[in-house]
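In our numbering, the protein residues as written are 22 to 303.
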């Protein structure tokens, strides 16, 4: 992978992972706040119901002329702590309130048995908040990990066409560099002839120039292959091969070799330039 591609990949990854982290942080922060508010409202509703039961029991005890006793007021076991206060806010009876949990105050007793205020504490609410926090943190990192894997896959998927195009261009440039050397060498050979008026020499120059032109078309093909549609025609392979062989015969003559071919007249449906490119590569 080239330096430019690594730099582009690094910037895209930082942007993707950064935005993903911020969005997930906002989402899970709002979700945590929503869960806390929902559980607080639910807990307060249950605590009010618990306080109402205490107030009802206090009124019943007054009707029976009994003193307010916690074991009598609330015989049913509960994780709630409660404390009974008089009009001045002094403790009459009840549990010790630590002020560390969720607390509500209820004035529904209205002075029955001297009780004016009921204080109820849910000491488990803080543990519930911590549990919700830990679950949201775990869900946050799990979601971030999944999205990170998805992002990595998408990055590779997006870079795949670019990588293939670069490899194709690199391969083509390497091949073209090699191919250009051949017609240039042939042209230089022709310029060493004693006279450029020689028909054979001029023919060599023409063929070599045509080969350079074909290589230019190859360059155009590699960069613009997806921008236009190519049309195939029914062409005779014998004529095309003979044209190409005339060029390669020049190269063979330099090595004191002779190329010959025996061809039958055959026609196929193909793009002429594509066939020339295929034959030259072979």
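From the three backbone atoms N, C-alpha and C, an ideal C-beta is built for every residue, glycine too.
Ranked by how close their Cα comes to the Cα of residue 260, the residues 280, 284, 124 have 284 in first place. Of the residues 290, 296, 124, the one whose Cα lies closest to the Cα of residue 264 is 296. Using a 10 angstroms sphere on the CB of residue 159, the tally of other CB atoms stays under 16, which defines it as exposed. Distances from the alpha-carbon of residue 56 to those of 44, 80, 156, 103 put 156 closest. Burial state of residue 105 is buried, judged by a 10 Å Cβ sphere holding 16 or more other Cβ atoms. Contact between the stretch 165–181 and the stretch 138–147 is not established, with fewer than three Cβ pairs separated by less than 8 Å. Straight through space, the alpha carbons of residue 34 and residue 99 are spaced by roughly 53 Å. Here the alpha carbons of residue 69 and residue 63 stand approximately 10 Å from one another. Three or more Cβ pairs closer than 8 Å define a contact, and the stretch 103–120 falls short of that threshold against the stretch 39–55. Counting other Cβ atoms within 10 Å of its Cβ, residue 72 reaches 16 or more and is therefore classed as buried. For residue 114, the enclosing beta strand (DSSP E) begins and ends at 112–115. In the three-state DSSP reduction, residue 257 falls in the strand class (E or B). Approximately 5 Å separates the beta-carbon atoms of residue 83 and residue 134; this is inside 8 Å, confirming the contact. With contacts defined as CB atoms closer than 8 Å, residue 30 and residue 180 qualify as a contacting pair. Taken through DSSP and simplified to helix, strand or coil, residue 283 comes out as coil.
As the crow flies, the alpha-carbon of residue 121 is around 18 Å from that of residue 154. Just so you know, the alpha carbons of residue 77 and residue 136 end up roughly 12 Å apart. Contact between residue 118 and residue 124 holds: their C-beta atoms lie close to 7 Å from each other, under 8 Å. A check of alpha carbon separations from residue 282 across 65, 258, 152, 289 identifies 258 as the nearest. Note on residue 130: 16 or more other CB atoms within 10 angstroms of its CB, so buried under the neighbour-count rule.
Cβ contact annotation for residue 269 (same chain, cutoff 8 Å, sequence separation greater than five): 280, in chain order. As a beta-bridge residue in DSSP terms, residue 103 pairs with 141. When rounded, the separation of the alpha-carbon atoms in residue 132 and residue 101 is 22 Å.
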